[in-house]
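Enquirer: Please find one structure pasted underneath; my questions will follow.
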Amino acid sequence: MEHKSRNGRLKDGRRFRDYLKEQLKDPAVREAYEEEGLFVELAIQIGQLRQRRGLSQRALAKRLQTSQQTISRLESPRNGSLSLRTLVKLAHALGKEVKVQFV
40 MEHKSRNGRL KDGRRFRDYL KEQLKDPAVR EAYEEEGLFV ELAIQIGQLR
90 QRRGLSQRAL AKRLQTSQQT ISRLESPRNG SLSLRTLVKL AHALGKEVKV
140 QFV
């Protein structure tokens with residue numbers, strides 16, 4: 040992947056938005072991009088729910104009988120590996136339910 044220069048454009052002068060639009064024409068790239076977006080959204084939701092409940096990462100970890108580091112990893116947009124079982128456990132610990140549907 041090309042890197043952005045200081046003026047917000049790629050080194051070849053294109054805007055990143057245009058580059059991304061071009062890359063997303065490839066079905067494999069689009070699928071990977073959408074999958075990654077799902078993991079980022081879930082990580083953000085986990086952190087927001089925990090904070091709304093007034094819980095620290097350590098307190099949530101205690102509820103789940105795991106480590107604070109595990110909670111930190113689950114809240115990281117770079118995680119990319121959440122199981123449905125883990126999501127259900129998290130939801131219960133946060134007083135929520137998980138709804139999975141195909142659209």
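Here the sequence shown is numbered in my numbering, starting from 40 and rising by one per residue. Just so it is clear, CB atoms sit at the ideal spot from N, CA and C, and this is done for glycine as well. In this text the structure is predicted, and so the values were computed from the model without any measurement.
(1) In chain order, what residues of the same chain lie with their CB nearer than 7 Å to the CB of A132, ignoring the 5 residues before and after it?
(2) Give me the Cα-Cα distance between F78 and S115, rounded to the nearest whole angstrom.
(3) Taking all protein chains shown into account, do 16 or more other C-beta atoms lie within 10 angstroms of the C-beta of A71, making it buried, or fewer, making it exposed?
(4) Check whether the Cβ atoms of L129 and A82 sit closer than 8 Å, and answer yes or no.
(5) Could you check the C-alpha separation between Q90 and E75 for me, to the nearest Å?
(6) Per DSSP, what are the beta-bridge partners of R102 in this structure?
(7) For the alpha helix (DSSP H) that contains V68, what are its first and last residues?
(8) How is the alpha helix (DSSP H) around E61 delimited, first residue to last?
(9) Between Q87, E80, P66 and R56, which has its C-alpha nearest N118's C-alpha?
Expert: According to the structure shown:
(1) L99, R102 and L103
(2) 9 Å
(3) exposed
(4) no
(5) 23 Å
(6) DSSP, once it has assigned bridges, lists no residue as partnering R102.
(7) P66 to R91
(8) F55 to Q62
(9) E80
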